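Each residue of the sequence shown is one higher than the last, beginning at 4 in this note's numbering.
Ideal placement from N, C-alpha and C gives every residue a C-beta, glycine not left out.
None of these values were measured; they are calculated from a predicted model.
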Amino acid sequence: MPKSESLTKLWRPNGIDRAWELKQQLGADTMFIAGGTLIQLQREQGTAMPAHLISLEWIDSMNGINEIKVNSKEYLRIGSLAALSAIQLHPIVNESYLLLADAAGQVASPAVRNRATIGGNICYAVGDTLPALIAMDAEATWYDGEKTQTDKLENYLNRRGPQKDAIFTSILIPKRTTPENSNSIRYYRKVGRREEFIPSLVTVAVSVDLNRVNRIEEIRLAAGGGTYRPHRLMASEQLLAGTILSKHALKNLHEKIIEEYQPDDDFFATAHYRKMMAANLIIAELASYLDS
4 MPKSESLTKL
14 WRPNGIDRAW
24 ELKQQLGADT
34 MFIAGGTLIQ
44 LQREQGTAMP
54 AHLISLEWID
64 SMNGINEIKV
74 NSKEYLRIGS
84 LAALSAIQLH
94 PIVNESYLLL
104 ADAAGQVASP
114 AVRNRATIGG
124 NICYAVGDTL
134 PALIAMDAEA
144 TWYDGEKTQT
154 DKLENYLNRR
164 GPQKDAIFTS
174 ILIPKRTTPE
184 NSNSIRYYRK
194 VGRREEFIPS
204 LVTVAVSVDL
214 NRVNRIEEIR
224 LAAGGGTYRP
234 HRLMASEQLL
244 AGTILSKHAL
254 KNLHEKIIEE
264 YQPDDDFFAT
274 AHYRKMMAAN
284 LIIAELASYL
294 DS
């Protein structure tokens, strides 16, 4: 029998150390929350609530959107408590990190985006922002009870999975500048349900730098959808890296994406449909630069 919601106790620590201590003291039937949009849906669907919820909302160090420098390298730092709507509308994000602005603006509904946080979307493991962040070479920072650690976001997701033994604290996105006499392609597309808490059918993100003769200087491709955890398509990238963009190259890329991208079948779409959709979206965007 599900627990009564009246038995769930809410805690609001004002520091990461205290939040971690509470989790250890209160035991396994305890969950960290931020915006709380996902757990609200689970409650409405009849999922039993844990005995304790630890809200991270009062931890100031986990908030904010600002540019920083680490070892002479420039980043955009986004605290894990930043609302998706704040990210979507932030002037720096819209000027220099448009992939993320596009992705944040396509999560659920405006009301949900006002409450939902980037940290929650990432820790959901199949969140719509993940392909964009992976394509932007984002790094994750988290607290493990002893210290704050940093690693590539894709490594963090692959190694740790859904975060129960860490507090996700921020995302770091390297600042990119397009070289002179070159073109950049930044593209994000989601196919699926906008208003519901259902994983999208397909999400893709593309980050490509071309020189003046359309030779690919740098390429990052990422895809997700359904319950498939978004991944970087590294074999597909290697196929095009250093080559001149052409119809022949794109034909080969289409085949490689279908081979490399391995989503699952589910109630909403087959794996084959997702493969074709992801490949078609990426190829169509790159092909548009052949005619421009």
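Using the beta-carbon count (16 or more within 10 Å), is Tyr191 buried or exposed? buried
Do you know whose CA, among Ala272, Val211, Thr206, Ala252, lies nearest Val110's CA? Thr206
Residue closest to Leu133, alpha-carbon to alpha-carbon, out of Ile260, Gly82, Arg235, Asn255: Arg235
Local conformation of Pro165 per DSSP, three classes: Here the model assigns Pro165 a pLDDT of 48, short of 50, so the residue's position is not dependable, and the following value carries that caveat. Here Pro165 sits in coil by DSSP.
Please confirm if the region 11-31 is in contact with the region 51-60, defined as three or more CB-CB distances below 8 Å between the two stretches. yes
Rounded C-alpha distance that separates Gly245 from Ile81: 32 Å
Does DSSP put Trp152 in a helix, a strand or coil? One point to set straight first is that residue 152 is Gln, not Trp, in the sequence displayed. Looking at Gln152 - three-state DSSP - the assignment turns out to be strand.
Continuous alpha helix (DSSP H) stretch holding Asn255: start and end: 250-263
Which one of Ile90, Phe171, Asn214 has the shortest CA to CA distance from Ile125? Phe171
What residues match up with Thr144 in a beta bridge as DSSP calls it? Thr153, Ser173
Buried or exposed (CB count within 10 angstroms, at least 16 for buried), Gln91: buried
Return yes when the Cβ of Ser203 is within less than 8 Å of the Cβ of Asp131, no when it is not. yes
Where does Lys26 sit, in a helix, a strand or coil, going by DSSP? helix
Which one or two residues does DSSP pair with Leu289 in a beta bridge? Beta-bridge pairing links Leu289 to no other residue.
7 Å CB neighbourhood of Asp147 in its chain, flanking five on each side removed: Ala169
In the DSSP assignment, what are the bridge partners of Tyr231? Gly228
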